[in-house]
Amino acid sequence: MRAVVLRGLRQVVVANVPDPRIEAPTDVIIRVTSAAICGSDLHMYNARTAPAEGMVLGHEPLGVVEETGSAVTAVRKGDRVLVPFNISCGVCFNCARGFTSACLAIDPKSVGGAYGYVGLGTYRGAQAEYLRVPFGDRNCLVMPGTPHDAWEDDFVLLADVFPTGWYANELAGVTAGSTVAVFGAGPVGLLAAYCAVLRSASEIYVVDWIEERLAKALEIGCTPIDFRAGDPVEQIYEARRAGRRLHPGEEKMPGVMCGIEAVGYQAIDWSDPNAENPARVIEDLIRLVNPTGRIGAVGLYVSNDPGGINPHAKRGEFSLSFGKLWEKSLSLGMGQTPVIRFAPQLRDMIVARRAKPSFLVSHRLPLEAAPEAYAMFEQRIDGCTKVILKPELKQGGSS
Ligand code: NAD
Ligand code: ZN
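Listed below in C-alpha cells is the structure:
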C-alpha cells in the first residue's frame, strides 16, 4: 500500500510499504478515507523530537472496517469508524480511570501509545491507505453516514483536534460566562476557541500572528489578538478595560479566568518574531490569568528536543515564574488528550448540527500530495489551517 514516510528534516515521501495484517485476534484493519496532518507531526518533520526517520506518519484517521480479528465483537467489516489518536487497551489502571492517553499496556517502553509517533510505541501511522488498529473494539468508534459524505471532514477531526480543543477547555475550567484567552490559532487553538463558544463563554480572545488564522477566529465570534502589534497580555487587558465600569476591587482582575496554551514548545517570542522562546506562552498566561483562574496547556512539550535554543531547552527545561503561579493560586493542567473520553459526545453534537468543526479545514488533498501539503502547513502559507489527506482521491484532484 501507499503511505507517507518521514525521510529526514522537512522531507516526507509517499512510498510503498507492506500492507498491514491482523497480528492479534483483537486487531482491526481499516481502509483510511481521510487522514489529517497535525501540528504534532510538524515537530517530527522539523526534527525537533527524538529521531523519527523511516516512520509512517499520521494519527488522525477516519475509515471503514476492512477486516477484523477473531476476538473482535463491537465492529464489523463495512462499518464506518473513527480511530482516536491514543491507542489504549481499555482495561489497565489508567484506561479504567479514563486516562487512555496514559495506557500502561500498549507499549513496554512508554506510558501511552499513538499511531505514527516517536516515543509512543512502534505503531504504524495513519497517513496511508490502510491502518492496523490494536484492541479494535476499544479503539474504533462507529460513525453514522457513508464515506465522503457531508460529515467526513467533521468526523475526522474527532481523532484528535476537536477533543483536544474540548480537553483544553476542561483543563482551563471554561463554563458559561467564562472569560477565555487562547494562545495559538492553529487547528488546536481555533477548535479550543470554538469549544469555548459551544460552552457559552462570554469573552474569547485568540492570540497568533497568522492573518488567515486570526480571521477564522473572528469568523467564529472570537476577538483576534495579533501579537505583531505588541504584548498580547497588555492588548487583552486593554480590550477588557475598554468601556467597562468595574465593581470595587475588580481592577485587580484585569485578565481572564481561563487560559489555554495551544502553541507548544516551538513558540515564537512576540518581542522578536524571529526568535523562539519555549517558555513565552506559559509565562504570558501566568501574567494574564486572574488570581484563582486555571490554565490548560495542550500544546506539546518534550524532554528531548535536539533543536532546542539552549542546553536546558534541549532537555525540555525552562525557567518559569513559579512563585507568581503559586501566589495567584492558579491551576495548571496539561498533557495528551484522552480522546475517547470526549469523542462520542462531540460526535453527537456534530450529528445534531450543534457543532461543525470542519470550518477549520482549508485543504483536502490526495495522499500523493503529502510532500507539498506538509511544506505548506509548516510554512503556514496559502491560508493553510488544516489539511486532510484523502487516499481515495486521485492525484491532481482536490476539493
Ligand atoms: P500549529 O503549529 O498549526 O499551530 C500553532 C500556532 O501557534 C501557529 O499558528 C503559530 O503561529 C502560533 N504561535 C506561535 N508562537 C505563538 C505565541 N507566542 N503566541 C501565540 N501564538 C503563537 O499546531 P496545532 O495543530 O494547532 O497544534 C498546536 C500544539 O498542540 C502543537 O504543539 C501540537 O503538538 C499540540 N497538540 C497536542 C495535543 C494533545 O493531546 N495535548 C493534540 C494535538 C496537538
Ligand atoms: Zn494530532
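Each position in the sequence shown, counted from 1, maps to that position plus 1041 in our numbering. The beta carbon of each residue, even a glycine, is placed where N, CA and C say it ideally should be. Since this is a predicted model, take the numbers as computed values, not measurements.
* To do: Between the Cα of ILE1071 and those of GLY1104, VAL1113, ALA1091, spot the shortest distance and give me the residue it belongs to.
  => By 1-based counting over the sequence shown, the position of residue 1071 is 30. Per the Cα distances, GLY1104.
* Asked: Apart from the five residues on each side of it in sequence, which residues of its chain come closer than 7 Å, Cβ to Cβ, to ASP1267?
  -> By one-based count along the sequence shown, residue 1267 stands at place 226. If you ignore the 5 residues before and after ASP1267, its C-beta comes within less than 7 Å of the C-beta of TRP1250, LEU1255, all in its own chain and listed in chain order.
* Quick one: does the C-beta of GLN1000 sit closer than 7 Å to a heavy atom of the ligand NAD? -> The requested residue 1000 does not occur in the structure, where the chain is confined to residues 1042 to 1440.
* **Cβ pair VAL1297, ILE1277 closer than 8 Å** => One-based indexing of the sequence shown puts residue 1297 at position 256. One-based indexing of the sequence shown puts residue 1277 at position 236. By the CB criterion at 8 Å, VAL1297 and ILE1277 fall inside the cutoff.
* Asked: How many whole angstroms separate the CB atoms of PRO1379 and THR1141, which I take to be in contact at a CB cut-off of 8 Å?
  -> Working through the sequence shown from its first residue, we reach residue 1379 at position 338. Working through the sequence shown from its first residue, we reach residue 1141 at position 100. Indeed they touch by this definition, with Cβ atoms about 5 Å apart.
* List the DSSP bridge partners of CYS1299. => By one-based count along the sequence shown, residue 1299 stands at place 258. Bridge partners of CYS1299: VAL1221, ARG1335.
* Asked: Going by the beta-carbon positions, is the gap between LEU1387 and ILE1327 smaller than 8 Å?
  -> Start at 1 with the first residue of the sequence shown, and residue 1387 comes out as number 346. Start at 1 with the first residue of the sequence shown, and residue 1327 comes out as number 286. Taking a C-beta distance under 8 Å as the contact criterion, LEU1387 and ILE1327 do not qualify as a contact pair.
* Asked: Leaving out the 5 sequence neighbours to the left and right, which residues in its chain are closer than 7 Å to PRO1061 when beta-carbon positions are compared?
  -> Position 20 of the sequence shown holds residue 1061. Excluding positions up to five away in sequence, the list reads ILE1070, ARG1165, TYR1171, LEU1172, ARG1173.
* Asked: Straight-line CA distance for LEU1259 to LYS1427?
  -> Here residue 1259 refers to the residue found at position 218 of the sequence shown. Here residue 1427 refers to the residue found at position 386 of the sequence shown. Cα to Cα, LEU1259 sits roughly 17 Å from LYS1427.
* Tell me which same chain residues have a C-beta within less than 7 Å of the C-beta of ALA1393, skipping the five on either side of it? -> Walking along the sequence shown from the start, residue 1393 turns up at place 352. So the list is empty, once near-sequence residues are dropped.
* Taking C-alpha atoms, which residue in ARG1089, GLY1080, GLY1214, GLU1413 lies nearest to GLY1357? -> Numbered from its first residue, the sequence shown carries residue 1357 at position 316. Nearest C-alpha to GLY1357: ARG1089.
* Asked: Rounded to whole angstroms, how far is the Cβ of ALA1242 from the Cβ of THR1264, which I believe are closer than 8 Å?
  -> Walking along the sequence shown from the start, residue 1242 turns up at place 201. Walking along the sequence shown from the start, residue 1264 turns up at place 223. Contact flag wrong, Cβ pair sits at about 11 Å.
* Spatial neighbours of CYS1133 in its chain, beta-carbon cut-off 8 Å, leaving aside the 5 residues before and after -> Here residue 1133 is taken as the residue at index 92 of the sequence shown, counted from 1. Once the five neighbours on either side are set aside, the close Cβ partners of CYS1133 are CYS1144, LEU1145, ALA1146.
* To do: Throw me the rounded Cβ distance for the ARG1335 and ALA1226 pair, which I believe falls under 8 Å.
  => On the sequence shown, residue 1335 is found 294 positions in, with the first residue counted as 1. On the sequence shown, residue 1226 is found 185 positions in, with the first residue counted as 1. Going by Cβ atoms, the distance from ARG1335 to ALA1226 rounds to 20 Å, so no, they are not a contact pair.
* Asked: When the Cβ atoms of the region 1230-1241 are set against those of the region 1203-1213, are three or more pairs found closer than 8 Å?
  -> Short answer: they touch.
* Asked: Using DSSP with H/G/I as helix, E/B as strand and the rest coil, what is MET1375?
  -> Numbered from 1 along the sequence shown, position 334 holds the residue referred to as residue 1375. When DSSP states are grouped into helix, strand and coil, MET1375 belongs to the strand group.
* Going straight from the alpha carbon of TYR1158 to that of ASN1087, what length do you get? -> One-based indexing of the sequence shown puts residue 1158 at position 117. One-based indexing of the sequence shown puts residue 1087 at position 46. The straight-line gap from Cα to Cα measures roughly 14 Å.
* Rank GLN1420, GLY1162, LEU1182, ALA1137 by C-alpha distance to the C-alpha of ASP1389 and give the top, closest one. => Your numbering for residue 1389 matches position 348 in the sequence shown. Distance from the Cα of ASP1389 is smallest, within the candidate group GLN1420, GLY1162, LEU1182, ALA1137, for LEU1182.
* Do VAL1197 and the ligand NAD come close, with the Cβ less than 7 Å from some heavy atom? -> For the purposes of this step, residue 1197 is identified with residue 156 of the sequence shown, where counting begins at 1. Proximity of the beta carbon of VAL1197 to the ligand NAD is not indicated: no heavy atom of the ligand is located closer than 7 Å.
* Asked: Would you say the beta carbon of GLY1424 comes nearer than 7 Å to a heavy atom of the ligand NAD?
  -> In the sequence shown, the residue the question calls residue 1424 occupies position 383. Remark: the shortest separation between the CB of GLY1424 and any heavy atom of the ligand NAD does not fall under 7 Å.
* To do: Assign GLU1302 to one of two classes, buried (16 or more other C-beta atoms within 10 Å of its C-beta) or exposed (fewer than that).
  => Indexing the sequence shown from 1 puts residue 1302 at position 261. Counting every other CB atom within 10 Å of its CB across the protein chains shown gives GLU1302 a total of 16 or more, marking it as buried.
* Using the beta-carbon count (16 or more within 10 Å), is HIS1100 buried or exposed? -> By one-based count along the sequence shown, residue 1100 stands at place 59. In the assembly as shown, HIS1100 is a buried residue. Its beta-carbon has 16 or more other beta-carbons within 10 Å.
* the ligand ZN heavy atom lying under 7 Å from the CB of GLU1324 -> Stepping through the sequence shown from its first residue, residue 1324 is reached at position 283. It does not: the Cβ of GLU1324 is nowhere closer than 7 Å to a heavy atom of the ligand ZN.
* To do: Taking THR1074 as part of the alpha helix (DSSP H), name the residues at either end of that continuous run.
  => Numbered from 1 along the sequence shown, position 33 holds the residue referred to as residue 1074. According to the DSSP assignment, THR1074 belongs to no alpha helix (DSSP H) but to the beta strand (DSSP E) extending over 1069-1077.
* To do: Identify whether LYS1277 lies in helix, strand or coil by the three-state DSSP scheme.
  => Here the question's residue 1277 lines up with position 236 in the sequence shown. Per the sequence shown, the amino acid found at residue 1277 is Ile instead of Lys. In the structure shown, ILE1277 falls within a helical segment according to DSSP collapsed to helix, strand and coil.
* State the DSSP-derived secondary structure class of ASP1178, mapped to helix, strand or coil. => In the sequence shown, the residue the question calls residue 1178 occupies position 137. Under the three-state reduction of DSSP output, ASP1178 falls in the helix class.
* In three-state DSSP terms, what is ARG1405? -> Taking the first residue of the sequence shown as position 1, residue 1405 is located at position 364. In this structure, ARG1405 counts as strand in the three-state DSSP scheme.
* Please confirm whether VAL1045 and ALA1338 have their CB atoms less than 8 Å apart. => As a first step, residue 1045 is located in the sequence shown; it is residue number 4 there, counting from the start. As a first step, residue 1338 is located in the sequence shown; it is residue number 297 there, counting from the start. No. Outside cutoff.
* Beta-carbon proximity check, MET1184 vs ARG1282, cutoff 8 Å -> Taking the first residue of the sequence shown as 1, we reach residue 1184 at position 143. Taking the first residue of the sequence shown as 1, we reach residue 1282 at position 241. It is not a contact, given that the beta carbons lie outside the stated cut-off.
* For GLY1227, is the beta carbon positioned less than 7 Å from some heavy atom of the ligand NAD? -> Counting from one through the sequence shown, the residue named residue 1227 turns up at place 186. The answer is yes for GLY1227.
* Asked: Relative to the ligand PLP, is the shortest distance from any of its heavy atoms to the C-beta of GLU1302 smaller than 7 Å?
  -> Questions concerning the ligand PLP fall outside what the structure shown contains, since the ligands it does hold are the ligand NAD and the ligand ZN.
* Kindly identify the DSSP beta-bridge partner or partners of ARG1173. => Here the question's residue 1173 lines up with position 132 in the sequence shown. Residue pairing from DSSP places ARG1173 in a beta bridge opposite ILE1070.
* Asked: Are the beta-carbon atoms of GLN1052 and LEU1430 separated by less than 8 Å?
  -> Walking along the sequence shown from the start, residue 1052 turns up at place 11. Walking along the sequence shown from the start, residue 1430 turns up at place 389. No; because the gap between Cβ atoms is not below 8 Å, this pair is not in contact.
* Contact check, ARG1179 vs SER1129 under 8 Å by CB: the rounded distance? -> Position 138 of the sequence shown holds residue 1179. Position 88 of the sequence shown holds residue 1129. At roughly 6 Å, the Cβ-Cβ gap stays under 8 Å, so ARG1179 and SER1129 are in contact.
* **Cβ neighbour criterion (16 or more within 10 Å) applied to LYS1435** => Looking up residue 1435 in the sequence shown gives position 394. So LYS1435 counts as exposed.
* To do: Quick one: using the 10 Å Cβ neighbour count with 16 as the cut-off for buried, is ASN1210 buried or exposed?
  => Numbered from 1 along the sequence shown, position 169 holds the residue referred to as residue 1210. Its Cβ being crowded by 16 or more others within 10 Å, ASN1210 is buried.
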